[in-house]
Each structure stands twice: as C-alpha cells, then as structure tokens.
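**Q**
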Amino acid sequence: MFKRVKEIYAYRTMIYSLVKRDLKGRYKGSFLGFLWTFINPLFQLLIYTFVFSIVMRSNIEDYYMFLFVALIPWIFFSTSLAGGSTCITTQKDMVQKIYFPREVIPISYVTGLFINMLLSFLVVFAVMFVMKYTFNPLALLCLIPVMLTEYILALGFTFILSGVTVFFQDMQFIMGILTMAWQFLSPVMYSAEMVPEELQTLYMLINPMAPIIVSYRDILYYAKVPDFGMLLMSLGTGVVLFLIGWFTFDKMQRHFAEEM
Amino acid sequence: MKPENAIEVHNITKKFKVYLDKGKTLKERTLFSKRRKFENREVLKGISFEAKKGEAIGLIGHNGCGKSTTLKMLTKIMYPDSGTIEMNGRVSSLIELGAGFHPDMSGRDNIYINASIFGLTKKEIDERVNDIIEFSELEDFIDNPVRTYSSGMYMRLAFAVAINVDADILLIDEILAVGDVTFQAKCFNKLRKIKSDGTTIVIVSHSLNQLEMICDRTIWIHDGVIREEGSPFDVHPKYMSFMANNTLSRAKEEKKEEKKKEEAKKEITEAADHKPVNTEIEKEAEKPDTKQDDGKRWGSNEIVMTKVSVTDKDGVERNTFFNSEPVFVSIGYDNPGKIDKSVVGVAIYRDDKVHIYGTNTLIDTSKMLPLKDKGVITLAFDNIPVNAGNYIFDLAFHRPDGFNYDFWRGVFTLNITNAKGEVGVMSLSHSWESDAGK
C-alpha cells in the first residue's frame, strides 16, 4: 500500500495536468473561456432567486440561498458518482496503451470536480457578500474538514464505480437513477428537521451525505459551527469506503486492459 | 535478480477469455446466458528471457503470436496469470504516441500533459521541454493549438516527447514509422544514442531491417512460446524461411482446393466418359524439395538458383581475389515457374557481419532482368575495393514488392586481399600531391 502511495505521488504532475486539462480544456474555444466556470453557477443562482422568491414562494427565508449552498456540494458528489463511473472507460486508449497507476484517473476526475465546486463557492461568497450575509470566521474554518470528508467519500465511491463499470457497463445508467433518488433522500431541497422526528437519527446515520449537507448549510446559511459528532460518523464511513474502494479498485485494475 | 540484468521474465503465461458474443449489460448477462460462451485462448504458454542492462532485444513473430502481449506485460498494462516479471529501473513505453493530447491546447501545453502521463514531474519536464521542441522541429508552431497541426507534425511532437523521457528500460511497439524519411532517420539515430547511453530496449516490430540495425538479440515468439533466440543474423533468416514456407503451403492448399473443385466439376461433366482423373497435384506435392532448408535459403521456388560460380577475368574459378582485380559471378538458374522477368539482388557482408554493400537490378537500372526457362546471369564487378578480409555474398531473385522466388544467404565467401597495408573498411582510390614539387 505504501509503495502504491509513493508511486501515485510520483505521478502527481499527471494528476495536476489532467485536472488542468479538464478545467481549461472544457471551455477552450469559447469566447468567454474560463469565465463560464463562474457564469454558470451565477445564472443558476439568479434563476433560483427568481423562481423561489417570486413564483414559488417558500416559507424558508431566502430559500434560493438555502438551496444553493446545499446544491453545489451535492452536484459535486452526484457528478463524481454518475460521471465518475465512466471515467476509466472514457480513457480507454490511455488505459490500454500506457502504464501509469490507474488510480490517477479517478483521483484527477474527482479533484477536477472538487476544484470546480470551490470555484462555484467563490460565486456564492460574492453573492453573500453583496447581500450582506453575516460571515462567521470560525464556522468558515470548519468548511475545510467538511469538504475533505466529502472528497474522501466521493473518491471512495468513484474508485468502486469506475472499476465496476469497466466490467459491467449498466453501472453508469444505474448510477444516474440512484443519484437522483439519493438527492431526494438527502436534505438538499428541504431541511433535515422536516424529516419525521422518529426517523431522524436513522436518516442521518444511513446516509453519509446527510450530515455533510447539513454541515454546509449550517456554516454558510446559518453561519454557525456544524455538529461534529454527526460529521465524524460521515468521515468514518468515508474512510472505510475509501479504503474498500481503493482495495477493490486495485484488484480490478489488473484486468482493465483486457476487459475493454 | 542478477545485478547485470535489467529485465528478468520467468515462465509467464496468459490466457484470454475470448467471448463468442460478449454481453456487457445486465439484460444480456441475465437473459442470454447461453450467449456468454467463451473459450480460453492461451496466448502465452511460458516465456522466459533476460535482458542485460544496455541490451537491445527485438521480438518477432506472426500476428497474434503473443509478442505484443509480452510487451504489455512488461509495461504492466496487463499482468501474467502465472510467472514473474522483474524489472530494474524506470520504464518508459513507446506504445501509444500522443496520449492525452488536447486538440485545443498549444503544443507546449500538450508536451506537459503528455510527458506527465509518462510519469515525469513538472521539474523534469521543464528541463526537457527545449530538447523536445528542438527534436520535434516545431519551434515556429509550438504555441499554436495542436488541432492546427498536420498529422506528421502531430506525430513528430508526440514522438519527441516519448523519446526524451530518460528511461532505464524503453519498450517500443511498432512505431518507428513516424514522419518523413529524414525524421525517421533522426529517430533511429536518437534511439542508437539512447542505447549507447546504457538504456535497455525491447522492440516489437515486423520490420526485420530496423531490428537488425539496433538489436543485439532477437527473440522469435511462435504460438506463445519462444521458438528461437539469438543474434538477428541467425534468427531472421530462419524466421523468413519459415514465413515463406507458411505462405507457400497455404497457397498450395488453396491451389489444391481449387483443383479439387475443378475436378469435381469435370467429374460431373465427364461422368459419362469415365475418364481417369488428372493426378497433377499429387505429382506436384510429391516433387522432392531440391533446396536444403537450413534457414539460409527461402522463397517460392518458382525460380531456383542452381550453380553459382565466381571467376576471374580469365574465366578461372577462384575464391581469393585482390581488391583491385575484376570479379565475375555467374548465377545459373532454373525457372520452373515460367517467370518472364525478375529482380536480381546481391548483398555483401564482412564476416563480422558488417553490411558492406547491397544493390539490385531495380536500383541499378530500374528494370528487371528477362529470364529463360534455364539460364545464366552474370554479375561483373570491376573490382571489390574493400580492405583485406572474408566477405559473404547473398543473392536473391525476387519480385519488386519483395516477394522472394529464391533468397540465398551466404551463397559463397570470398577472401579479398589487399597488396598494400591500408587500414579501414574499404580502399579509396586517391592520389597525393605537394606544392613543393616531387
């Protein structure tokens, strides 16, 4: 395992350049180029504002912001799962012809999405600043462990799913449906308190994403320090999943080239 | 692992599941379980070899023999079912060129992406980027997007990156056909330089010429096992002869099939006459093979060299000549295939396998020589201006496309002597003059 980590570290430049290629290459050739990374979430936010403050008024104050601070991390997570399941198969040429530690592909895929999320958050911060939201520095500091927990969880899932998809291509479509269901089972569009009281503990326990989403909202929307007890549970699940994911990925990757 | 070795391969085997109709989706897997029949094809059946540091090894064999699979195992793209592979040092592979290129990004950006895929760090790429650009000869275009490149430019850039990854072990699969002739020569020289710097090289190629130019050793893989291993000069003729026989026997099979069909037709049409069937094919098959098959001679036998003799200007047969006197080679042939004209070629090697000279009628006169059913061709040298030594002659009758009627390696050996004490490979005609007078 240690040797593996060392080797992946030796390929850090590859991870860096694949991430850079994804981020820079995505909008290459368009007139606004990299600006699209910011324009996309900004307009999304504007649309939500319009819909939820004028058309579908909710009794939650500033519902658009309530939704948006949860939606950005959710999109990162769900894209990691649904899109990440094909990240090996779409790099078929490279996998069949060149040696590099295969972990590099899921790692750079998830990292790319993660950086995209960070950039989207810049837009959120800008809007919050303009709207004169209160910023709690201590709470903001807590964003770091929350984001890391989510990253580890997402990477663990992507390891497993990207490997399985090589052998079983239905996985990508199954994940499309599953992530949609998962979104409605997570407190993205509603608050966790809306869940019936007797189910709440179970709800937070079986869904590792629930505490993460709640934490994001606590920090950004309510400007308070999140509940670390629950978050620790998610981190535990994340680490276990990450290790299982990596282990199974390592077992599967030996057969990638011949299966594709 | 022995310290002098860079690669040690012990008895590796590999089976592939070959699905007759592979189901990858849930529906196909559950509903059509019958369709998921597969057979295990054993591609490698126990291959072992070693490569010393700085050695260049060529892998040859017919398509599907397992040579590319072996190379993929060495690069760790695939893993053997059993057996072990040990490698000592940094491995780089020239199997896929231009991996990860993004068409919209500049040549320079793509150098960074591509080189990082070979495992180079940012710092290492920074050190090499100028060499890479210089080697690719794309200085003026390096900041343009790669999509504006011609395919030749694209390959040049890709090759330049791959060849500048300083590896201890370099694995190459059939990719030396890059760019125009001058760039190919450049690649080859670079490869030689890399080799002389101590890099171990393993090449898979169908071009035996390329292998002869760079490899110390050839490994011939046949149906998953090593069939022959040794100097390219020993192994390649055997391989060529084997392949020629293979195509020949296949052609014969086809001919037989055709004849059988024709006969079947004849039988039907002439059934009433009860004529005895023509037995020409059997005769042909029984015809004794006049050539000895020791791996030094191969071809389709449509033209066969019979007697080759070497004479001096007086018509006396000799095998020792001064390097200043004329040499006549007369080549007697039979022409059972009734070929009306053929290319005739000659190659001369010194006995330490240095290739001295080679030419053929196509190169000399861009013509083929007309042939009779049985005849003699004379090849006259004004002199053979090489230095003293033993020289081995190859002769061949072949088609312009390289298909051999009769290729004979080492037909005869001449002992050339030099009356003067010159040194070097050859003797140049020359004169001295001093402006101080005689």
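One line per chain: the protein sequences are A and B, in this order.
Just add 12 to wherever you are in the first sequence, counting from 1, and you've got the numbering used here.
Just add 683 to wherever you are in the second sequence, counting from 1, and you've got the numbering used here.
Beta carbons are placed, not taken as given, at the ideal position from N, Cα and C, and that holds for glycine.
Note that the structure is predicted; figures quoted are calculated from it, not measured.
(1) Note down, in chain order, every chain E residue with its Cβ under 8 Å from the Cβ of T804 (chain B).
(2) Taking the alpha-carbon positions, what's the S731 (chain B) to N1101 (chain B) distance?
(3) Just how far apart, CA to CA, sit L244 (chain A) and Q265 (chain A)?
(4) Which term fits A947 (chain B), buried or exposed, when burial requires 16 or more other beta carbons within 10 angstroms of its beta carbon?
(5) The beta strand (DSSP E) that contains N1087 (chain B), what's its start and end?
(6) How would you call S29 (chain A), buried or exposed, if buried means at least 16 neighbouring beta carbons within 10 angstroms?
(7) So, does the CB of R33 (chain A) fall closer than 7 Å to a CB anywhere in chain B?
(8) Exposed or buried, what is H889 (chain B) when buried is set at 16 or more other beta-carbons lying within 10 Å of its beta-carbon?
(9) Which residues in the same chain as L777 (chain B) place their Cβ atom closer than 8 Å to its Cβ, once the five residues preceding and following it in sequence are excluded?
(10) Mind checking which residues open and close the alpha helix (DSSP H) that includes D1077 (chain B)?
(11) Mark R33 (chain A) as exposed unless 16 or more other C-beta atoms lie within 10 angstroms of its C-beta, in which case mark it buried.
(12) So which of A:G241, A:P238 and A:M77 has the shortest CA-CA distance to F141 (chain A)?
(13) So which residues of chain A does F699 (chain B) contact, with C-beta pairs closer than 9 Å?
(14) Buried or exposed: K1121 (chain B), going by 16 or more other Cβ atoms within 10 Å of its Cβ?
(15) Rounded to whole angstroms, what is the Cα-Cα separation between V1012 (chain B) and L1062 (chain B)?
(16) G749 (chain B): buried (16+ other C-beta within 10 angstroms of its C-beta) or exposed?
(17) Quick one, are the C-beta atoms of W903 (chain B) and R980 (chain B) less than 7 Å apart?
(18) Under 7 Å, Cβ to Cβ, is there at least one residue of chain A near T752 (chain B)?
(19) What does DSSP give as the partner residues of H1038 (chain B) in its beta bridges?
(20) Give the DSSP-derived three-state secondary structure of E936 (chain B) in the structure shown.
(21) Would you please verify whether the beta carbon of M756 (chain B) is less than 7 Å from any beta carbon of chain A?
(22) Here's a check: name, in chain order, each residue in its chain whose Cβ is nearer than 8 Å to the Cβ of S789 (chain B), leaving out the five neighbours to either side.
(23) Give me the Cβ distance between V136 (chain A) and I51 (chain A), rounded to the nearest whole Å; I'm assuming they're in contact under 8 Å.
(24) Drop a sphere of 10 angstroms on the beta-carbon of P6 (chain A), count the other beta-carbons inside from all chains shown, and report buried for 16 or more, exposed for fewer.
(25) Less than 8 Å between the CB atoms is what I'm expecting for V993 (chain B) and E1000 (chain B), so what's the real figure, rounded?
(26) What are the residues in the region 250–266 of chain A lying within 9 Å of chain B by C-beta distance?
(27) Can you list the alpha helix (DSSP H) stretches of 4 or more residues lying completely in the region 725–810 of chain B, in chain order?
(28) Alpha carbon to alpha carbon, how far is F1095 (chain B) from R1033 (chain B)? Give it in angstroms, no decimals.
(29) DSSP beta-bridge partners for L854 (chain B)?
(30) Determine, using beta-carbon pairs with one atom in the region 801–820 of chain B and one in the region 731–747 of chain B, whether at least three such pairs fall under 8 Å.
(31) Just the C-alpha distance for N723 (chain B) and E687 (chain B), rounded to the nearest angstrom, thanks.
(32) Is the separation between the beta-carbon of V116 (chain A) and that of I27 (chain A) shorter than 7 Å?
(33) What are the boundary residues of the beta strand (DSSP E) that includes V908 (chain B)?
(34) Can you tell me which of the three DSSP states V1108 (chain B) falls into?
(35) Going by DSSP, what residues sit across from H693 (chain B) in a beta bridge?
(36) Determine the extent of the alpha helix (DSSP H) in which L217 (chain A) is found, giving its start and end residues.
**A** Considering the structure as presented:
(1) Among the chains of the structure shown, chain E does not appear; the protein chains present are A and B.
(2) Rounded to the nearest angstrom, the gap between the Cα atoms of S731 (chain B) and N1101 (chain B) is 46 Å.
(3) 31 Å
(4) exposed
(5) N1087 to T1100
(6) buried
(7) Yes, its Cβ sits closer than 7 Å to a Cβ of chain B.
(8) exposed
(9) F842, A845, I846, L853, L854, I855, D856 and I858
(10) No alpha helix (DSSP H) contains D1077 (chain B), which is instead part of the beta strand (DSSP E) from G1072 to H1081.
(11) buried
(12) A:M77
(13) E270
(14) exposed
(15) Taking the straight line from one Cα to the other gives about 5 Å.
(16) Looking at its Cβ environment, which holds 16 or more other Cβ atoms inside 10 Å, G749 (chain B) is buried.
(17) no
(18) no
(19) B:Y1032
(20) helix
(21) no
(22) I825, D826, N827, P828 and V829
(23) Not confirmed; about 14 Å, so no contact.
(24) Outside the shown range of chain A (13 to 272) lies residue 6 (chain A), about which nothing can therefore be said.
(25) With a beta-carbon spacing of about 7 Å, V993 (chain B) and E1000 (chain B) fall inside the 8 Å limit used to define contacts.
(26) R266
(27) Listed in chain order, they are 750–757 and 790–800.
(28) Looking at the two C-alpha atoms, the distance is approximately 12 Å.
(29) B:S776 and B:V885
(30) Fewer than three beta-carbon pairs drawn from the region 801–820 of chain B and the region 731–747 of chain B are found closer than 8 Å, and the two stretches are therefore not classed as touching.
(31) 37 Å
(32) yes
(33) Per DSSP, V908 (chain B) belongs to the beta strand (DSSP E) from V908 to G913.
(34) coil
(35) In the DSSP assignment, H693 (chain B) forms a beta bridge with B:T767.
(36) E209 to I218
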